[in-house]
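In this note's numbering, the protein residues as written are 150 to 384.
Every residue gets a Cβ at the ideal spot worked out from N, C-alpha and C, and that includes glycine.
Please read all numbers here as calculations on a predicted model, not as lab measurements.
Report on one structure; see the data block that follows.
Following this line, the structure appears as structure tokens:
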């Protein structure tokens with residue numbers, strides 16, 4: 150393995166650890182920020198929350214996360230839906246290995262890669278991925294507002310009228326803005342079961358690409374000679 154691939158594996162691993170840490174401290178960080186900016190709170194409480202905010206891990210902030218290609222670790226020009234760079238995206242799409250994607254024939258000016266569905270099974274997968282992507286954008290848009298309303302509804306120090314008011318505001322938010330409406334789906338097939346979190350693909354696609362050697366830094370493990378199962382390990 151050359152140094153470029155090794156660096157890509159390290160970057161992806163570090164980015165994955167940052168994502169887990171940011172998801173762990175996300176609510177706490179946003180609540181501290183909201184309390185620091187609330188003018189109705191006393192200055193002592195705002196200073197206390199500002200101090201707690203400064204004591205959180207530095208890598209728990211979402212500003213420390215960069216979208217990287219799951220194949221090469223490249224951080225520039227990465228497609229948000231497939232989490233891969235434009236080079237990998239173009240190569241896999243030209244080979245026909247991306248679900249429901251082919252070159253558009255009507256736009257001869259730039260030959261962009263657009264969604265064009267062939268058969269019904271692929272069409273369902275494209276629709277599921279598109280709907281899930283829209284839910285993710287909507288959830289990210291209303292995330293802070295939803296969490297603040299929930300925190301105010303559960304705060305016993307607030308008066309009952311304010312809690313009821315926040316509960317009413319929470320019920321008026323869009324239904325698809327909740328993270329419970331989001332499911333991890335494979336970017337190739339739209340499958341929602343047994344999806345690897347790091348690569349965002351199902352076990353079937355993961356096994357097929359890993360057997361071909363098309364996944365960066367992944368190979369068959371040879372230490373388990375007892376059952377000779379197909380196990381994969383990160384180098």
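Pairing residue 225 with residue 232, the inter-Cα distance amounts to about 11 angstroms. In the structure shown, residue 226 falls within a coil segment according to DSSP collapsed to helix, strand and coil. Note on residue 220: 16 or more other CB atoms within 10 angstroms of its CB, so buried under the neighbour-count rule.
Residue range 235-244 is occupied by the alpha helix (DSSP H) that includes residue 240. Residue 329 carries a helical assignment under DSSP once its states are collapsed to helix, strand and coil. Contact between the segment 204-216 and the segment 166-173 is present, with at least three C-beta pairs closer than 8 angstroms. Shown here, residue 350 sits in a strand according to DSSP, grouped into three states.
One thing to note: residue 161 has its Cβ no nearer than 8 angstroms to the Cβ of residue 181. Residue state for residue 212 is assigned as helix, using DSSP reduced to three classes.
Non-local C-beta neighbours of residue 227 in its own chain, meaning closer than 6 angstroms and more than five positions away in sequence, comprise 216, 218, 234, ordered along the chain. Looking at the DSSP output, residue 345 shares a beta bridge with 350.
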